[in-house]
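*Asks:* Its first residue numbered 0, the sequence shown is counted upward by one per residue in numbering that gives the first Met the number 0.
No residue lacks a Cβ here, since even glycine has one placed at the ideal position from N, Cα and C.
Below you will find the structure I want to go over with you.
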Amino acid sequence: MKLAVVIGQIVCTVRHPGLEHDKLLLVETINRQGEPSGECSVATDSIGAGNGEWVLVVGGSSARRAQHSEASPVDLSVIGIVDEAVMESQVIFHK
0 MKLAVVIGQI
10 VCTVRHPGLE
20 HDKLLLVETI
30 NRQGEPSGEC
40 SVATDSIGAG
50 NGEWVLVVGG
60 SSARRAQHSE
70 ASPVDLSVIG
80 IVDEAVMESQ
90 VIFHK
């Protein structure tokens, strides 16, 4: 799992049949201080995350399992919306 922040939404009118009902988000991974890493990716989202929210993402076969389809061409999925992150007794993020 990785931490990321939602920075946008992707709209595709033509897409693979395995993705036809999935919401697609543009996410940027964040480092341990909560700062953007500069690495952006597209992730499927079935939990309703919105712009600016911190999320947990998984990749590879875990991403396909999160979408309930091993045959789906998914490499990254949002699996949680972060309410709070604490590191070394310091709150680095609170919703």
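(1) Please state the DSSP three-state secondary structure of Ser60.
(2) Could you spell out where the beta strand (DSSP E) holding Lys1 opens and where it closes?
(3) Our contact map puts Ala99 next to Val5 with C-beta atoms below 8 Å; I'd like the distance itself, whole angstroms only.
(4) Which whole-angstrom value describes the C-beta separation of Gly17 and Val54, a residue pair presumed to lie in contact below a C-beta threshold of 8 Å?
(5) At what residues does the beta strand (DSSP E) containing His93 begin and finish?
(6) Mapping DSSP to helix, strand and coil, what is Gly37?
(7) Reducing DSSP to helix, strand and coil, say where Gly79 ends up.
(8) Going by DSSP in three states, Ala42 sits in which element: helix, strand or coil?
*Replies:* Straight from the coordinates:
(1) helix
(2) 1 to 9
(3) Summary: the structure shown does not reach residue 99, with the chain confined to residues 0 through 94, and so no result is reported for it.
(4) About 21 Å; that fails the 8 Å criterion.
(5) 89 to 93
(6) strand
(7) Assignment of Gly79 by DSSP, reduced to helix, strand and coil, places it in the strand class.
(8) Strand, per DSSP.
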